[in-house]
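Everything below concerns the one structure shown next.
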Amino acid sequence: MQKRRVFSGAEWEARVGYCRAVAVGPHVYVGGTAPVAVGGGTHAKGDAYAQAIRCFEIIEAALREVGGSLADVVRTRMYVTDIERWPEIGRAHKEMVGAHAPAAMMVEVRRLIAPDMLVEIEVDAYVEGAG
Numbered sequence: 000m001q002k003r004r005v006f007s008g009a010e011w012e013a014r015v016g017y018c019r020a021v022a023v024g025p026h027v028y029v030g031g032t033a034p035v036a037v038g039g040g041t042h043a044k045g046d047a048y049a050q051a052i053r054c055f056e057i058i059e060a061a062l063r064e065v066g067g068s069l070a071d072v073v074r075t076r077m078y079v080t081d082i083e084r085w086p087e088i089g090r091a092h093k094e095m096v097g098a099h100a101p102a103a104m105m106v107e108v109r110r111l112i113a114p115d116m117l118v119e120i121e122v123d124a125y126v127e128g129a130g
C-alpha cells in the first residue's frame with residue numbers, strides 16, 4: 000500500500016521532521032495542527048474558539064490534498080491549555096465536524112509549542128482513494 004505525505008509549509012515541519020498528514024490507502028492521519036496564522040505566528044491570540052476554527056481550516060486544506068474533506072473525519076483529538084475553555088473549543092468542533100460526528104477527545108496539556116496557542120487538534124479520516 001502506498002503512502003502519500005502532505006506538507007503545509009509550517010516552519011516546524013522542516014525543523015522537527017514531520018508532515019501535516021499521511022495517507023495510507025483510505026486512512027488519513029493529520030498530525031497535531033496548531034492555530035498558525037497566515038504568514039506565521041499565532042492566529043487570534045487569546046480567542047480559543049477562533050484558534051480551534053483555524054486548526055480545522057488547516058486540517059481541511061490537508062484533507063483536500065488527498066481528495067477528502069472534514070466530512071471524512073472519523074476521530075479528533077483536542078489538546079487545550081485550559082480545560083475551562085472547553086465550551087468555546089467544543090462549539091468550534093461542532094460547527095466544523097459535528098454534522099458527521101467523529102469519535103473525539105479533549106484533554107488539558109501544560110502548554111503548546113507557542114505560549115499564546117490555546118488549542119492544537121489532530122484528526123484521523125477515512126477518504127476513499129486517498130492513497
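For what it's worth, numbering that gives the first Met the number 0 labels the leading residue of the sequence shown as 0, then goes sequentially. Using N, Cα and C, we set each Cβ at its ideal position, and we do this for glycine too. Model, not experiment: these values are computed from the prediction.
- Cβ-Cβ distances below 6 angstroms link Arg84 to Ala47 in the same chain, with the five nearest sequence neighbours on each side left out; the list follows chain order.
- Relative to the Cα of Leu111, the nearest Cα in the group Arg90, Gly16 and Val79 belongs to Val79.
- Secondary structure at Val15: helix, using DSSP grouped into helix, strand and coil.
- Residue ranges of uninterrupted beta strand (DSSP E) with 3 or more members, entirely inside the segment 57 to 100 and ordered along the chain, are 72 to 79.
- Counting only the Cα atoms, Ala98 lies some 15 angstroms from Gly67.
- A residue is called buried once 16 or more other Cβ atoms fall within 10 Å of its Cβ, and Met104, having fewer, is exposed.
- With distances taken between CA atoms, Val106 lies nearest to Glu119 out of Cys18, Glu119 and Val15.
- CA-to-CA, the gap between Ala36 and Val73 works out to about 26 angstroms.
- Taking each of Met77, Pro114 and Glu59 in turn and checking the Cα distance to Ala102, the smallest one comes out for Met77.
- With fewer than 16 other Cβ atoms inside 10 Å of its own Cβ, Val15 counts as exposed.
- Around Tyr17, the same chain offers Gly30 as residues with beta carbons nearer than 7 angstroms, after the five sequence neighbours per side are excluded.
- Here Ala100 is exposed: its Cβ has fewer than 16 other Cβ atoms, across all protein chains shown, within 10 Å.
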